[in-house]
Each structure stands twice: as C-alpha cells, then as structure tokens.
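Peer 1: Going by this note's numbering, the first residue of the sequence shown is number 40, and it counts up by one from there. Ideal Cβ placement from N, Cα and C applies to all residues, glycine included. For reference, the structure I am asking about is given below.
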Amino acid sequence: MQASVDWNSEQDLINTLALPSRARRVLTARNADDVLEGVALARREGLSVLPLGQGSNVVLPERLEQAVFVSNDVSIQVLDERRGSVSIRVGAGVGWHALVTQSVANGWFGLENLALIPGTVGAAPVQNIGAYGVELSAFVSAVHGVDLEDVVKRSLTINECEFAYRDSVFKNALRDRFMITAVDFVLLRQAQVNLSYPVLANRFTGDACVSPQAVCDAVVEIRQSRLPDPAVAPNAGSFFKNPVVDAPAYEALRAAYPALPGFLQPDGSYKLPAAWLIETAGLRGFTMGTAGMAEQHALVLVNLGGAVQGDVLALAEFVKEQVSSRFKVALEIEPRVYG
Ligand code: FAD
Ligand code: NAP
C-alpha cells in the first residue's frame with residue numbers, strides 16, 4: 040500500500056544547539072490521522088516513534104534509529120467567544136512566539152509573559168513552559184493527540200496533564216508515548232497583566248495602566264538583551280533546572296554565601312537560581328573545546344562551533360561536578376538528552 044503521509048528517510052534534524060543529528064525516518068503530520076498512519080508504518084519497520092518540534096529543548100545524538108514525528112498543523116481556530124474569554128484550538132505546528140503575538144494583537148490576553156520562547160505549540164505542554172512568573176498551564180484547557188502505544192486518538196483534560204513547574208505527564212507517564220497534535224487554550228478578553236517578576240515590573244515603574252502589548256514588547260526586549268540568540272550562538276536556553284532545596288539546606292548555604300538568592304516555594308522549600316551557582320563557581324564564560332557556558336548568561340550552554348552531543352555532555356558533567364563540590368547542590372539538565 041502506498042503511504043499517503045510524508046514519510047522520509049535519512050533526514051537531518053534541526054535543533055537550536057546546532058548539533059549534527061540525523062534520523063532514520065521523519066514523518067510530517069498534518070493531523071492525528073497522519074500520526075495514526077505513521078505509527079503503522081513505523082511498526083512495520085520496527086521503529087519506535089519520537090515526537091519533536093523545533094529542537095529547542097533537546098540534546099540530540101548524531102544518529103537516531105527512530106521515526107521522528109513533527110507536526111505541520113498551523114491552524115488557529117476559535118471554538119467559543121464570550122464576554123470575558125475566548126477558547127481557541129491551536130495546531131501543534133504553530134510557532135509558540137507567533138501564537139503569543141497573534142493572540143495579543145487579537146485582544147486575547149494571558150500569554151504575553153511567554154513571548155519569544157522558541158519552539159512549537161505542540162511541545163509547550165511537555166515542559167509546561169514558563170517565564171516571568173507565568174506558566175502555560177494557567178491557560179490550557181485540553182491537549183489533543185495520539186497515544187502512540189494504544190494507537191488511538193485521545194484528549195487530556197487539564198488535570199490529566201499533571202502540570203507542575205517545568206513538568207507534565209508528557210515528561211513522566213506519557214513520556215515518548217503521546218504525540219500532541221493540538222492544544223486548547225482559554226484566553227482572557229480583559230487585560231490582567233502579571234508584573235510579579237521585578238525585572239519586568241521595573242520597566243513600568245510609575246505607569247498606572249500597563250497594556251498586554253507593552254508587557255509582550257518588554258519581555259521581547261529583556262530577552263533579546265539577556266539571552267544569547269540561538270541563531271548566533273547555538274543553545275538550548277537554560278541548560279540546567281533551578282534546583283530546589285529544603286529550608287535547613289538553604290539556611291546553611293546562606294550562612295556560607297549571604298548573597299545567595301532563594302525563592303520560597305509553597306511547600307517551604309527554596310528554589311535557587313542555577314545561573315547564580317554556576318557564575319559563583321567561576322564558570323560563566325568557561326569553555327571546554329567546542330562548547331562553553333555563555334559569557335552573556337551563565338545558565339546557557341553554547342555550541343562554539345562543531346560541537347557534537349558528547350562535547351556538550353562533557354561540559355555539562357564538569358559544571359555539575361564543580362557546583363556540587365562547591366555548594367553540595369545537584370544540578371539537573373533541563374533539555375531532553377537522547378541516545
Ligand atoms: P523540542 O525541543 O523539539 O522537543 C522538546 C520535547 O518535547 C521533547 O521531549 C519532544 O519529544 C517533546 N515534543 C515536541 N513536540 C511534541 C509533540 N507534538 N508531542 C509530544 N511531544 C513533543 N522554556 C521555557 O519553559 N521557558 C523559557 O523561557 C524558555 N526559553 C528558552 C530560550 C531559548 C533561547 C531556548 C533555545 C529555549 C528556551 N526554552 C524555554 C526551552 C524551549 O523553548 C521549550 O521547551 C519549547 O517548548 C520546546 O519546543 P520545541 O518545539 O523546540 O520542542
Ligand atoms: P532572571 O530574571 O535573571 O531570574 C533568575 C532566576 O530567578 C530565574 O530562573 C527565576 O526562576 C528566578 N526568579 C527571578 N525572580 C523571581 C521571582 N520574583 N519569583 C520566583 N523566582 C524568581 O532569569 P532569566 O534567566 O533572565 O530568565 C527570565 C525568565 O525566562 C525566567 O522565568 C526563566 O525561567 C525564563 N527562561 C527560561 C529558559 C529555559 O530554557 N527554560 C531560558 C531563558 C529564560 P524561574 O526560572 O523559575 O522563573
């Protein structure tokens with residue numbers, strides 16, 4: 040039988056770390072039916088399936104003996120519009136930043152703090168993307184896709200997504216098991232800006248009324264000034280998660296390092312900025328062969344040119360060892376490492 044889907048062999052994979060990587064098969068899916076057909080093709084060839092987006096949160100090996108599935112559904116559909124809110128269904132292939140800018144322009148509010156985060160809408164629920172005090176989960180109402188094991192279409196409610204800080208069911212029970220094809224959002228029709236992060240609030244000191252468009256623009260400006268652009272210095276954003284320690288461990292660290300910032304969590308633990316730990320360990324701008332920790336932002340690991348996965352992981356290991364020996368705090372890599 041002739042496949043009706045786009046089923047290609049030996050394709051190079053784009054990724055913002057610019058690591059050389061090639062997959063045995065790549066399927067470009069227009070919708071959930073294409074995914075179902077692709078799973079059948081993959082099974083026939085004995086390949087497991089790996090959903091990918093724009094490769095901005097992955098550390099890829101040179102070779103993936105898998106069938107990589109990407110979505111090219113760029114539809115945005117209004118499901119329901121009321122006085123206070125609008126419900127939309129967005130295809131997994133829509134670029135995240137494009138959704139944010141289009142939403143703000145349409146008067147659909149809430150996502151503005153998440154401007155300029157790279158990647159696709161389909162990947163956004165996976166790590167429950169967040170920035171400047173806002174998380175995706177606040178605006179998602181359902182996630183649609185295909186269960187790759189049972190080979191059925193399935194829709195998950197917000198509770199079933201098990202969203203947490205940079206975490207979800209798609210990183211845990213449904214890891215490698217669910218291809219997201221569309222996401223439903225409920226956005227606000229009345230502005231309700233979130234200026235809880237001082238770096239953002241400081242931009243608007245004295246302003247009585249701050250519009251979502253102004254917040255979106257400010258986030259873009261702040262990010263462009265603080266973060267290395269992957270097109271210029273290939274990177275995967277924050278390379279390590281912010282570690283969370285219990286209160287006694289935080290107090291002990293503060294006694295030794297009074298300048299250590301710490302953010303109290305609802306459960307009484309403290310979130311520590313990994314960037315501060317790396318910088319204080321003297322590793323901002325540190326290079327090891329073809330990889331380095333960015334001079335511009337200590338938490339961002341950059342490919343200096345010609346790095347492969349092993350080079351990136353060797354540097355990450357060194358950074359983890361240095362931070363652990365100095366602060367007795369374990370860093371964990373944030374992007375997904377394959378292979
Ligand atoms: P990929 O990197 O391709 O994939 C990431 C993971 O999602 C993989 O495990 C993959 O299997 C899975 N996945 C992808 N698509 C699907 C799908 N359709 N169905 C099921 N699983 C899928 N993240 C933040 O949270 N906040 C930030 O502020 C932020 N800033 C960043 C800044 C820079 C410069 C960079 C490079 C990254 C940043 N990130 C940030 C990380 C990244 O942008 C997000 O994690 C983004 O959601 C990844 O999207 P992607 O399409 O590139 O996914
Ligand atoms: P920043 O403003 O310099 O702050 C450093 C860290 O302190 C951040 O990681 C942030 O945690 C935490 N923080 C700051 N103010 C806080 C507050 N009021 N309450 C709780 N925590 C606070 O951070 P940045 O590196 O320039 O990044 C800005 C935002 O973009 C952050 O939200 C960050 O997560 C996000 N970002 C994420 C990635 C990624 O790849 N995941 C890459 C770039 C930027 P949080 O990280 O928990 O917000």
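1. Using a 10 Å radius around the Cβ and a threshold of 16 neighbouring Cβ atoms, would you call residue 374 buried or exposed?
2. Mind checking which residues open and close the alpha helix (DSSP H) that includes residue 366?
3. Please find out if some non-hydrogen atom of the ligand NAP comes closer than 7 Å to the beta-carbon of residue 265.
4. So who's on the other strand from residue 336, going by DSSP bridges?
5. Between the alpha carbons of residue 316 and residue 123, how many angstroms are there, rounded?
6. What residue range does the beta strand (DSSP E) around residue 77 cover?
7. Are there any heavy atoms of the ligand NAP lying less than 7 Å away from the beta-carbon of residue 336, as far as the coordinates show?
8. Taking a contact to mean a Cβ-Cβ separation below 8 Å, would you say residue 67 touches residue 274 in this structure?
9. May I ask whether a heavy atom of the ligand FAD can be found less than 7 Å away from the beta carbon of residue 156?
10. So does residue 207 have its beta carbon nearer than 7 Å to some heavy atom of the ligand NAP?
11. Along the chain, where does the beta strand (DSSP E) that runs through residue 186 open and close?
12. For residue 213, which option in 201, 205, 371 has the closest C-alpha, if you only look at C-alpha atoms?
13. At which residues does the alpha helix (DSSP H) containing residue 252 begin and terminate?
14. Below 8 Å, how does it come out for the region 88 to 99 and the region 115 to 130: are there three or more Cβ pairs, yes or no?
15. Going straight from the alpha carbon of residue 310 to that of residue 210, what length do you get?
16. Since residue 101 and residue 348 are thought to touch, with beta carbons under 8 Å apart, how far apart are those beta carbons, to the nearest angstrom?
17. Can you look up residue 242 in the DSSP assignment and give me helix, strand or coil?
18. The ligand FAD and residue 55: does any heavy atom of the ligand fall closer than 7 Å to the residue's C-beta?
19. Can you tell which of 353, 297, 338, 329 has the C-alpha that lies nearest to the C-alpha of residue 323?
20. Inspect the CB distances between the region 322 to 336 and the region 349 to 356 and report whether three or more fall short of 8 Å.
21. Looking only at DSSP bridge pairs, what is residue 190 linked to?
22. Do residue 60 and the ligand FAD come close, with the Cβ less than 7 Å from some heavy atom?
23. Give me whichever residues DSSP pairs with residue 121 in a beta bridge.
24. Could you name the residues of the same chain whose beta carbon sits closer than 6 Å to that of residue 109, not counting the 5 residues immediately before and after it, in chain order?
25. Determine, using beta carbons only, whether residue 65 and residue 47 come nearer to each other than 8 Å.
26. Does DSSP classify residue 90 as helix, strand or coil?
27. I'd like to know whether the C-beta atoms of residue 255 and residue 181 end up nearer to each other than 8 Å.
28. Per the DSSP calculation, residue 277 is bridged to which residue(s)?
29. Under 7 Å from any heavy atom of the ligand FAD, does the C-beta of residue 50 make it?
30. Using CA coordinates, which residue listed in 226, 172, 306, 343 is at the minimum distance from residue 141?
31. Expressed to the nearest angstrom, what Euclidean distance is found between the alpha-carbon atoms of residue 259 and residue 376?
32. Mind checking residue 187: buried by the 16 CB within 10 Å criterion, or exposed?
33. When burial is assigned at 16 or more other CB atoms within 10 Å of the CB, is residue 277 buried or exposed?
34. Measure the alpha-carbon distance for residue 84 versus residue 111 and round it to whole angstroms.
35. Does the separation of the CB atoms of residue 333 and residue 308 fall below 8 Å?
36. Given residue 161, which residues of its chain have a CB within under 6 Å of its CB, disregarding the five upstream and five downstream residues?
Peer 2: With the structure as the only source:
1. buried
2. 348 to 366
3. yes
4. Residue 336 is not bridged to any residue.
5. 43 Å
6. Taken as a continuous stretch (DSSP letters only), residue 77 belongs to no beta strand (DSSP E), being part of the alpha helix (DSSP H) at 71 to 83.
7. yes
8. no
9. yes
10. no
11. 179 to 186
12. 201
13. 251 to 265
14. no
15. 20 Å
16. 7 Å
17. helix
18. yes
19. 338
20. yes
21. In the DSSP output, where bridge partners are listed per residue, residue 190 has none listed.
22. no
23. In DSSP, residue 121 forms no bridge with anything.
24. 67, 91
25. yes
26. strand
27. no
28. 339
29. no
30. 226
31. 28 Å
32. buried
33. buried
34. 23 Å
35. no
36. 92, 110, 131, 219
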